[in-house]
Amino acid sequence: MLYPILTIACGSIMVILSGLSLFRCLRDGGIFINQARFLASGILLILHFPLTRFLDGLILPWLEKVGAVEGNVPAAYWISVVLIVAVQLIILPTGRELYGAYMADRLARRAGA
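Under UniProt numbering, residue 113 is the last one in the sequence shown; the count climbs by one each step, no gaps.
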């Protein structure tokens, strides 16, 4: 029971901080794509457990059609978790993308000064 609460808390903190950062970037005219990606990732983190249950409900009937096996319920759960985590990893910016945007922002500010 502690894991869902921590997931929602971490996602909420991520949404708040990235929302504030996104607002500052938009106000200052900076590069904001990474802040938007962190915001989307935070929202997905908050929705992790409801989405897992939803996808689990979609996947399990298909596994039952293939064959009634004792491991279908855990398999459907872990398939849905893997799908959600994969989407989250696709959304999150990599270190190279973060550093590239940071350097572009620094160079743009230096050229404008």
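Ideal Cβ positions, reconstructed from N, Cα and C, are used throughout, including at glycine.
I'd like the list of long-range same chain contacts for residue i, defined as Cβ closer than 8 Å, with 5 residues on each side in sequence excluded.
i     : result
Leu83 : Leu55
Glu64 : Asn72
Thr52 : Tyr77, Ser80, Val81 and Ile84
Thr7  : Leu45, Ile46, His48 and Phe49
Could you pull the start and end residues of the alpha helix (DSSP H) that residue i belongs to?
i     : result
Gly42 : Ile33 to Ile46
Val74 : The sequence given here places Pro at residue 74; Val does not occur at that position. Unbroken alpha helix (DSSP H) run through Pro74: Asn72 to Ile91.
Thr7  : Leu2 to Asp28
Assign residue i to one of two classes, buried (16 or more other C-beta atoms within 10 Å of its C-beta) or exposed (fewer than that).
i     : result
Phe23 : exposed
Gly42 : buried
Val15 : buried
Excluding sequence positions up to five away, which residues of its chain have a Cβ less than 7 Å from the Cβ of residue i?
i     : result
Cys10 : Leu45
Pro4  : Phe49
Pro61 : none
Assuming the contact rule is C-beta atoms closer than 8 Å, residue i and residue j should be a hit. Round their C-beta distance to whole Å, please.
i     : j     : result
Arg37 : Leu92 : 7 Å
Gly19 : Leu39 : 6 Å
Would you report the Cα separation of residue i and residue j, rounded to the nearest angstrom?
i           : j      : result
Asp28       : Met1   : 41 Å
Tyr99       : Asn34  : 10 Å
Phe32       : Ile59  : 36 Å
Tyr102      : Ala86  : 25 Å
residue 201 : Ala68  : Nothing about residue 201 can be read from this structure; the chain reaches only from 1 to 113.
Arg106      : Ser21  : 16 Å
Ser12       : Glu97  : 23 Å
Leu17       : Glu70  : 43 Å
Arg110      : Ala104 : 10 Å
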